[in-house]
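The structure appears right after this line, and notes come after that.
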Amino acid sequence: MRTRYLSSLHNWLSSIEPYLGGSPFDAQHLVYGTGYDSWGVQTQQKAFASFAVCAKLSRNPQAYLDRAIALLRFNLDSHKSGRFACTDGKKWGHTWISALGIERMMPALQAIYEELPAALQAQLRVMLISEADWLLHKHVIVASAVDASKNKPESNLWNGALLHRVAMMYADAENAEAYREKGTRYLLNSISVPSDRDCQKVFAGKTVAAWHIDANFQPSYGLVHHGYLNVGYMLICLSQIALLHFSCKAAGKKAPEELYWHCEELWALVRKLCAPDGRLLRIGGDTRVRYCYCQDYALLAWLLMAEKYEDQESRQFEAGWLELLLKEQRHNADGSYLGTRLAQLKERSPLYYTRLESDRALCLGLAALWQDYLPQPEAEDEEAETGQYAWHDDFHGAAFLRQAGTLRSFVWRAAQSPVALCLPLADSSLAEWGYNCASQILGTGQTHSYRLLENQVRDFPGGFMSMGKFETVSEKQLAEGQSDEIIAQTQIACIALPDQKSMLFMQYAQTLQRVYIKYIRGLMLQLPNDLFNDWQRHIYSPGQSRLFKGMQPPYGTIDLQSKLINIDGRLNVELLYGADTLLLERGRQRQVYMKNKEAAGGNLYCEHICSKYSDRLQCFEGAALLLDEGFAIQAGAMPVNKPATIQLQDECSPACRLAAFRAADQVLYAMSANFSEQTGRIKLKPNVRLTENGEKLPGDTIVMKAGTCRLFIVTEA
305 MRTRYLSSLH NWLSSIEPYL GGSPFDAQHL VYGTGYDSWG VQTQQKAFAS
355 FAVCAKLSRN PQAYLDRAIA LLRFNLDSHK SGRFACTDGK KWGHTWISAL
405 GIERMMPALQ AIYEELPAAL QAQLRVMLIS EADWLLHKHV IVASAVDASK
455 NKPESNLWNG ALLHRVAMMY ADAENAEAYR EKGTRYLLNS ISVPSDRDCQ
505 KVFAGKTVAA WHIDANFQPS YGLVHHGYLN VGYMLICLSQ IALLHFSCKA
555 AGKKAPEELY WHCEELWALV RKLCAPDGRL LRIGGDTRVR YCYCQDYALL
605 AWLLMAEKYE DQESRQFEAG WLELLLKEQR HNADGSYLGT RLAQLKERSP
655 LYYTRLESDR ALCLGLAALW QDYLPQPEAE DEEAETGQYA WHDDFHGAAF
705 LRQAGTLRSF VWRAAQSPVA LCLPLADSSL AEWGYNCASQ ILGTGQTHSY
755 RLLENQVRDF PGGFMSMGKF ETVSEKQLAE GQSDEIIAQT QIACIALPDQ
805 KSMLFMQYAQ TLQRVYIKYI RGLMLQLPND LFNDWQRHIY SPGQSRLFKG
855 MQPPYGTIDL QSKLINIDGR LNVELLYGAD TLLLERGRQR QVYMKNKEAA
905 GGNLYCEHIC SKYSDRLQCF EGAALLLDEG FAIQAGAMPV NKPATIQLQD
955 ECSPACRLAA FRAADQVLYA MSANFSEQTG RIKLKPNVRL TENGEKLPGD
1005 TIVMKAGTCR LFIVTEA
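Count along the sequence shown starting at 1, add 304, and that's the number in the numbering used here.
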């Protein structure tokens, strides 16, 4: 593995020559990227670490070492304790996030520390103690599991780790003991949960309850970071633990026990959100570039779990992800990691682009550095995954099931809108979370957000059901004086069936007053078709097979001429009501964007499978009905001899719906929902018999409370 990591890193270092240059202050400086403050500083530190690893592990280290020293010299000189400034005229340091870049570069710096000039070693000490003193005297520790502005698990981890690191490196420092004490408080308030307030376990002479400020995680270990259920930052937390853990291993020192507080409990959750090939399954969505940053730092978390907890599956994640990122690197002629997929971002933000490139380089470099500490990977287990993992979180309105090689989830408090996933784990390239299975309605504003009004999630044996309501807000209108406006109120009902493979959905969207709407996408299944799946998707329907190549014609909206399709023999989509045929919307370029940053360009090409599609500006009055759709998503091959859709009801109250679906277990299920604010009724056909929770439904009428959904088994029809 080390050889493959180093080969990749050498290719990357050859690709970054256009981004390397001097500074205006000293001829001995080397700058990677912009040289600016903030993320520019961290980009510099990660580039230094990449050169440092190669200096430590390569056969011809001197050229790498010379560049590493020049990069470090500029980094130290531009700190608040240094002689100069960053290239934007600002000095860096003394912020809540300064320690992040330091922590990420330190394992590599540690590896070449003895090769550094004495003057740089002394300057490093000054910088580190300056940062530690600022954290000790100036920075206030906060935490919250519900207030996103105070949710600080990852920064509490890196700040606490830095304080402990400095105390270990410079035991003679005047405030070394105080660093350790405040560092412990940071660490115990990073992966913190509500029960910590009463915990009597002792660290550094005090109980957890005495150290406790507040929880950052829900009791379920759900994390509301940046305002949504953020799987990526759960992994970021674990990656920060890895940095100090492996530094202590290299130094032959014992890491503080509190560094690992709730590490295993969090890992028990997030390991189930890693596909076998290492791709993170972002059930709560993502606001940033796909398969970057959090995905890269997951590698460090996997190495931690493999070394400290002997988790062999982590080594499989590591190997799988390495194959995916090397595939993308081979796609780039210059040896860069992201140069082709992020070509537009490269032109529009050199700062952001070099930041993302250096994230990946750093992680591969540290993975190469740490290989000696890791157990040898075992042969991958080819047997199908057994058992069931079920998870539920009320705060996020979230549930997911992982069973029989399939992941199914629904999350209300998500990144861009509520989001659902139904995936065969054997092909995680099918995963995309932006608006997935939640429809998309866009108005005339330049940006859009959603307001969650209500939701409910309930588990039952082998499945879950969820229903809720949200408003779509069209923001940043072009016209002067025009306010943000609510353009739609959408309700979604979703049920994961006990067949281990299927999910049923109902979407119901209305306007509230006169509005102008530009885009309507009903159903909205995102289908990635980019380099990771070799730019091709086969879409099958009864009697027809078509091949679609990513970013190649035909473009536009294509009528698939069927209510039932299968994708690559792995995923079925079936309309239950609301439209006569499924549609495929195909753009000309990558159209998965960072949230509200379309100017940065797309970073993943996706097909859109829709029940309804409109890109024509329309004016709607009053309570106009925009979407009224029912559909099923099912992992697996195309069903053989799929029976026609069965009509179960004679009549329904205006906003009540009932739909039947024969699932993978060959059971005929029926889902009902009431989208009105009053009790509704669904009268069944005379020959229809239903059971609910094992009991026969009395009479011929389903009485539906407002805003609820239910699941039945059809025993006669």
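Each residue gets a CB set at the ideal place from its N, CA and C atoms; glycine is no exception.
Let me know the secondary structure DSSP gives residue i once reduced to three states.
| i | result |
| --- | --- |
| Ile-495 | coil |
| Asp-697 | strand |
| Tyr-812 | strand |
| Glu-617 | helix |
| Gln-781 | coil |
| Arg-363 | coil |
| Val-896 | coil |
| Cys-578 | strand |
| Leu-584 | strand |
| Ile-433 | helix |
| Leu-642 | coil |
| Asp-932 | strand |
| His-529 | strand |
| Leu-835 | helix |
| Leu-952 | coil |
Taking the alpha-carbon positions, what's the residue i to residue j distance?
| i | j | result |
| --- | --- | --- |
| Arg-363 | Tyr-309 | 15 Å |
| Gln-366 | Tyr-483 | 36 Å |
| Leu-317 | Arg-489 | 39 Å |
| Ser-522 | Val-593 | Per the sequence presented here, residue 522 reads as Gln, with Ser not at that position. Between Gln-522 and Val-593, the C-alpha separation is close to 26 Å. |
| Ala-403 | Leu-376 | 15 Å |
| Tyr-417 | Gln-425 | 8 Å |
| Leu-888 | Thr-983 | 36 Å |
| Met-769 | Leu-577 | 20 Å |
| Glu-651 | Lys-901 | 14 Å |
| Lys-505 | Asp-932 | 54 Å |
| Arg-712 | Phe-704 | 5 Å |
| Val-944 | Asp-676 | 51 Å |
| Trp-839 | Lys-456 | 39 Å |
| Leu-630 | Met-942 | 32 Å |
| Glu-562 | Gln-760 | 36 Å |
| Cys-1032 | Ile-796 | Any answer about residue 1032 is impossible in this case: the structure gives the chain only from 305 up to 1021. |
| Leu-864 | Gly-847 | 12 Å |
Thinking residue i and residue j are a contact (beta carbons under 8 Å), I'd like their distance in whole angstroms, please.
| i | j | result |
| --- | --- | --- |
| Arg-985 | Cys-960 | 7 Å |
| Asn-463 | Leu-439 | 5 Å |
| Ser-625 | Asp-581 | It should be pointed out that residue 625 corresponds to Trp in this sequence rather than to Ser. Between Asp-581 and Trp-625 the Cβ distance is about 7 Å, and since that is below 8 Å, they are a contact. |
| Tyr-656 | Leu-649 | 6 Å |
| Ser-915 | Leu-886 | 7 Å |
| Val-450 | Phe-699 | 7 Å |
| Pro-681 | Thr-710 | About 25 Å separates the two Cβ atoms, so there is no contact after all. |
| Val-335 | Phe-388 | Contact doesn't hold; Cβ gap of about 11 Å is too wide. |
| Leu-666 | Lys-350 | 4 Å |
| Pro-411 | Leu-670 | 6 Å |
So the candidates are the options; which of them puts its Cα closest to the Cα of residue i?
| i | options | result |
| --- | --- | --- |
| Arg-664 | Met-305, Ala-1021 and Ser-312 | Ser-312 |
| Tyr-973 | Val-444, Ser-713 and Leu-1015 | Leu-1015 |
| Arg-634 | Tyr-812, Asn-315, Ala-449 and Lys-558 | Asn-315 |
| Thr-751 | Ile-821, Glu-933, Leu-734 and Asn-455 | Ile-821 |
| Ala-546 | Ser-918, Pro-560 and Tyr-595 | Pro-560 |
| Ser-753 | Tyr-340, Pro-722, Ser-662 and Glu-911 | Pro-722 |
| Glu-568 | Glu-611, Val-430 and Lys-1000 | Glu-611 |
| Ser-496 | Thr-1019, Met-538 and Glu-485 | Met-538 |
| Tyr-823 | Pro-846, Lys-773, Lys-805 and Ile-745 | Ile-745 |
| Ser-866 | Ser-849, Gly-860, Gln-856 and Pro-857 | Ser-849 |
Go to residue i, then tell me how far its alpha helix (DSSP H) extends in each direction, as first and last residue.
| i | result |
| --- | --- |
| Gln-599 | 598–612 |
| Tyr-656 | 654–673 |
| Val-512 | 512–515 |
| Asn-460 | 457–473 |
| Glu-407 | 402–416 |
| Met-538 | 535–555 |
| Asn-876 | First-last for Asn-876: 875–881, but that is the beta strand (DSSP E), not the alpha helix (DSSP H). |
| Tyr-309 | 306–319 |
State the start and end residues of the unbroken beta strand (DSSP E) segment that holds residue i.
| i | result |
| --- | --- |
| Ser-849 | 848–853 |
| Arg-841 | 840–845 |
| Pro-802 | Segment: none, Pro-802 is in no beta strand (DSSP E) and carries neither H nor E. |
| Cys-726 | 723–728 |
| Ser-713 | 710–715 |
| Cys-390 | Taken as a continuous stretch (DSSP letters only), Cys-390 belongs to no beta strand (DSSP E), as it is neither H nor E. |
| Gln-922 | 922–924 |
| Met-975 | 972–978 |
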